[in-house]
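Here the protein sequences come in this chain order: A and B.
Quick note, the first sequence lines up with residues 1 to 395 if you use my numbering.
Quick note, the second sequence lines up with residues 1001 to 1477 if you use my numbering.
Glycine included, each C-beta is placed from N, C-alpha and C at the ideal position.
Notes follow once the structure below has been shown.
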Amino acid sequence: MIVVRRPRDEEELAALVREASGHGAPLAIEGGGTRRGLGRPVNAGITVSVGALNGITLYEPAEMVIGALAGTPLAEIEAALAEKGQMLGFEPPDHRRLYGSTGAPTIGAVAAGNLSGSRRLWGGACRDSLIGVRFVNGLGEIVKSGGRVMKNVTGLDLVKLQAGAWGTLGALTEVTFKVVPRPEVTRTLVLEGLSEAQAIEAMSAAVGSPFEMTGAAHLPVSAGGMSRTLLRIEGFAFSVTYRAEALAGLLKPFGVTGSLPETEADTLWRDISDGAVLAEPRDRAIWRLSVKPGAAASAVASIRTRREVAAAYDWAGGLIWLATDESDDAGAEVIRKAARQARGHATLVRGSEGLRARVAVFEPEPAPIAALNRRIKAGFDPEGLINPGKMHAGL
Amino acid sequence: MGAIAFPTPQADILARRESLVAGLARLLPAECLITSEDERRAYETDAFTAYRRVPMAVALPRTTAEVSAVLAFCHAEGVPVVPRGAGTSLAGGAIPQEDAVVIGVSKMNRILEIDYANRFARVEAGVTNLAITSAVSAEGFFYAPDPSSQLACTIGGNIGMNSGGAHCLKYGVTTNNILGVTLVLVDGTVVEIGGEAMDAPGYDLLGLVCGSEGQLGIITEATVRILRAAEGARPVLFGFPTSEQAGQAVAAIIAAGIVPVAMEFMDKPAIEICEAFAKAGYPMDVEALLIIEVEGSDPEMDATLARIVAIAREHGVKTVRESKSAMETAAIWKGRKSAFGATGRIADYICMDGTIPTGQLPYVLRRIDEIVKHHGLRVANVFHAGDGNLHPLILYNVNDPGEAEKAEEAGNDILKLCVEVGGCLTGEHGVGIEKRDLMHHQFNRVDLQQQLRVRAAFDAQWILNPAKVFPLDGRAA
């Protein structure tokens, strides 16, 4: 039976870890519990929910910085920012539709997973906006790194190390982000009927222009429809109007660009960022491939020669979402080989517990990197108490 | 000066110098190994010139394989290694020690690949920052981080220190603009971290290596993100009667949802020094100057600047001067970018590099003035206003040992002040030896021990740049 503990503050969380150390009992760390389907199953008898560590601890709009306890709902952060005309610059995804989960996604999990949506193309990843963390390591110590200022090179950057470590290097207790202004206007241009290869070319041309794409995605043909290539431009109205026209001119060789109504576009970008476009049917495995953008279409084409997959492209091709059935290894070997050929890697972001136990969820690592990572893990959590095995066996 | 301690050179290493040099000579051709005292002396310091130590030997390998061979040798022999780019560190990050081998990447200066469609360039570590932009500018691209030393400093050094620059308000610092590196670990193992994709798998080792000051390995190649440049860029000069008003204008611009590509602040002494040198037409009758640069097409820049000018007027701006030509733009930036060099013409100086929450600006400027006056010295302030990164230049006379010591003390007091108000010891120059002994002011013992354990995962024997970053006491993790 799994026991759930809800420490009321950082000190209690640290005490919990020290107690676990006494018993050699591993802990699974959880925020809102909306992403239980991601990662290798963690074999821990105790789940530590950071949900009670809740609240914005710092918000200085003029300094473009916000800090919050790890269990603060993402929605609360976004609402506070919206009130001052600001937002997180990396469009953090909400994965409830992907996993069919309930609960409230938390800001700590966004940081721990380095979770970024479509705007990552222009605004950088979550890890680029994360400027400070506090966490409890496997020794039950409270550690801080970074801070509240956006330029800081004091000491080793443990902030980056925590972003994307999925809690295996400690339980985050507080995170601080730099933020950006909300755009006055958003415009989404659309090209219809492009092949995947043409779409990659069109997106490359757009992103290589001076017009600052904050989104570049391609949704291949779905039942009865035409493929759609989406390009998003944001900013002040005068600037967006100018750039949208200039971009349409630039993309003439690819056809006539239309413009999506704003509400439809917002929904679509939300669906893409959240991974909802491929969420149904629910029994399929979902992969996320990070590749050299220009190699995306050929990577998917080579996978299709071996396996039936549905694909969607984001980040101008730099991110590929794939859905495929769970048979055999859910395509792990074929998909990882294609990703490596495209100079990237693949992560199994959704799969049954059985699949996640038998197939590597995160990209297998070359021996010297794996050895380095094990030594780093030991430096944070020598007894392997916190989220053991969530990313890789023994990590 | 001399308040900063170096570890005592290890006598057993000094005693083996001859055999160690012979060992290096078996790994490198003669033109890649510097052993004579005269030539080694050229590597005795970096841009933190108050401290000097002549290294035992200087290796200038040409390839990753040669770096690997030299590192493996030094590791096996237990000899400290000091990595070096162009030696422009203002924090003493590349200052050697007598029992160390300097490994310089200056001979590794080729641009290996440029891929516009995928927006990256792959370069060797010794390529200069500006050379990357120069190589891609004909196609309208650029590499974003632009430290003032960009003409000389190398990308390897930039990654080591996570360098910033004037334009990082919009484009971020080095860590936000690097996609991958080839890193040689202390035992000579070569690993590839990241690459041509936007995200790398596993722990963010790339983020960890950025700004690690040569303590985790030696970077031999980097894949950097290149960006398509905006259609145009235009700086505007704003002169304010007080620093407070300039600071309020910056806050109001950000509150209006405008993020200019750069917002640079100079106080009156800095204005006078820079104007005397660059003849940029800076106003002399104001207490504070802002250089604000916007980007885009001409109509976009006109509209954005109109908004910024209106905000500046609401905050009592005295002088507004828009650049009307490329020459004027260059002159405006020349003044700011030569601030350090121009200061060096009138006095010796040490350049500080703390970051503060921007809301604390008026208080911090007042306190800096008090601190420096208390030590009987003068100060000029230049400052990245958008992100709170301060560069007080403390002026002193190098031939007066008393003044030099006072300057160092004043600098330390200023950095402690930065930490006190919620900022940090260094925004973009790095810790090096300069701020090493102040680390206790920013981090407690637990924080530092955590960093040391991460360091130990890479270099348990303290071979790599050992006298830097971490206070010499309390190192046993």
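{"query": "Any C-beta of chain A sitting closer than 7 Å to the C-beta of P1471/B?", "result": "no"}
{"query": "Restricting to Cα atoms, I'd like to know which of K1170/B, E1213/B, H1429/B and L1060/B is closest to A1229/B.", "result": "K1170/B"}
{"query": "Measuring only between beta-carbons, confirm whether W166/A sits less than 7 Å from chain B.", "result": "no"}
{"query": "Do E91/A and S227/A count as a contact pair if the criterion is CB distance below 7 Å?", "result": "no"}
{"query": "From E245/A, L189/A and R120/A, pick the residue whose C-alpha is nearest to that of P261/A; which is it?", "result": "L189/A"}
{"query": "Per DSSP, what kind of secondary structure is S290/A in: helix, strand or coil?", "result": "strand"}
{"query": "Grouping DSSP H, G and I as helix and E and B as strand, with all else coil, what is Y242/A?", "result": "helix"}
{"query": "Just the chain A side, please: which residues come within less than 7 Å of D1459/B by C-beta, in chain order?", "result": "Per Cβ cutoff of 7 Å: no residues; D1459/B is ~11 Å from chain A at best."}
{"query": "Rounded to whole angstroms, what's the CA-CA distance from P1055/B to F1006/B? Just pull it up for me.", "result": "13 Å"}
{"query": "Anything in chain A within Cβ reach of T1479/B, meaning under 8 Å, just list it in chain order.", "result": "Summary: the structure shown does not reach residue 1479/B, with chain B confined to residues 1001 through 1477, and so no result is reported for it."}
{"query": "At a CB distance below 8 Å, what residues from the region 1365-1393 of chain B approach chain A? Give them in sequence order.", "result": "H1384, D1387, G1388 and N1389"}
{"query": "Pairing CB atoms from the region 152-167 of chain A with CB atoms from the region 227-237 of chain A, are three or more of them under 8 Å?", "result": "no"}
{"query": "For S145/A and D1115/B, which I take to be in contact (beta-carbon distance under 8 Å), what is that distance rounded to the nearest angstrom?", "result": "Not really, about 33 Å apart at Cβ, beyond 8 Å."}
{"query": "Whose C-alpha, out of Y1282/B, V1259/B and F1277/B, is nearest the C-alpha of D1267/B?", "result": "Y1282/B"}
{"query": "Given the structure, does A1015/B come close to the ligand SAM, in the sense that its CB is under 6 Å from one of the ligand's heavy atoms?", "result": "Absence of the ligand SAM from the depicted structure is noted, as is the absence of any ligand whatsoever, leaving it without description."}
{"query": "For chain A, find out if any of its Cβ atoms is closer than 7 Å to the Cβ of M1301/B; answer yes or no.", "result": "no"}
{"query": "Taking the alpha helix (DSSP H) that C1418/B belongs to, which residues open and close that run?", "result": "P1401 to E1420"}
{"query": "Pick helix, strand or coil for P73/A, following the three-state DSSP scheme.", "result": "strand"}
{"query": "Expressed to the nearest angstrom, what Euclidean distance is found between the alpha-carbon atoms of I369/A and L355/A?", "result": "25 Å"}
{"query": "Would P1096/B and V1082/B be called neighbours here (beta carbons separated by less than 7 Å)?", "result": "yes"}
{"query": "Just to confirm my understanding: we take R8/A, look at its own chain, exclude 5 residues before and 5 after, and list those with CB closer than 7 Å. What are they?", "result": "A52"}
{"query": "For T1329/B, collect the residues of the same chain with a Cβ closer than 8 Å to its Cβ; drop the 5 residues on either side in sequence, then sort them by chain order.", "result": "A1233, R1234, P1235 and S1323"}
{"query": "Residues in the region 1426-1457 of chain B with C-beta within 7 Å of chain A's C-beta atoms, listed in sequence order?", "result": "T1426, G1427, E1428, G1430, V1431, M1439, Q1442, F1443, V1446, D1447, Q1450, Q1451, R1453, V1454, R1455, A1456 and A1457"}
{"query": "Who are the near neighbours of I1155/B in its chain, counting only those whose CB is closer than 7 Å to its CB and skipping five residues on each side?", "result": "V1123, A1125, V1127, N1129, I1132, A1222 and V1224"}
{"query": "According to DSSP, is M1001/B helix, strand or coil?", "result": "Because the pLDDT of M1001/B is 49, which lies under 50, any placement of that residue in the model is unreliable, and the number read from its coordinates should be weighed accordingly. If DSSP states are grouped into helix, strand and coil, M1001/B belongs with coil."}
{"query": "Is DSSP giving V6/A helix, strand or coil here?", "result": "Sequence inspection shows Arg at residue 6/A; the Val mentioned does not correspond to that position. Coil, per DSSP."}
{"query": "So does the region 1183-1195 of chain B actually touch the region 1205-1224 of chain B, counting three or more Cβ pairs closer than 8 Å?", "result": "yes"}
{"query": "Quick check on Q1561/B: does DSSP put it in helix, strand or coil?", "result": "There is no way to answer for residue 1561/B, as the model of chain B reaches only from 1001 to 1477."}
{"query": "Could you work out which residue in A1280/B, R1336/B and I1258/B is closest to D1146/B when comparing CA atoms only?", "result": "R1336/B"}
{"query": "Counting only beta-carbon separations shorter than 7 Å, does E1196/B have a partner in chain A?", "result": "yes"}
{"query": "Give, in chain order, every residue of the region 360-388 of chain A whose Cβ lies closer than 8 Å to some Cβ of chain B.", "result": "F362, E363, E365, P366, P368, I369, L372, N373, R375, I376, A378, G379 and F380"}
{"query": "Please identify the residue among R148/A, Q86/A and L319/A whose C-alpha is closest to the C-alpha of A1197/B.", "result": "L319/A"}
{"query": "On the DSSP letters alone, give me the boundaries of the beta strand (DSSP E) that D1115/B sits inside.", "result": "I1111 to D1115"}
{"query": "Following the continuous beta strand (DSSP E) through F135/A, name the residue where it begins and the one where it ends.", "result": "L130 to V136"}
{"query": "With 7 Å set as the bound, which would you pick, yes or no: does the beta-carbon of T1008/B sit closer than that to a beta-carbon of chain A?", "result": "no"}
{"query": "Counting contacts by CB-CB distance shorter than 7 Å, is A332/A in contact with chain B?", "result": "no"}
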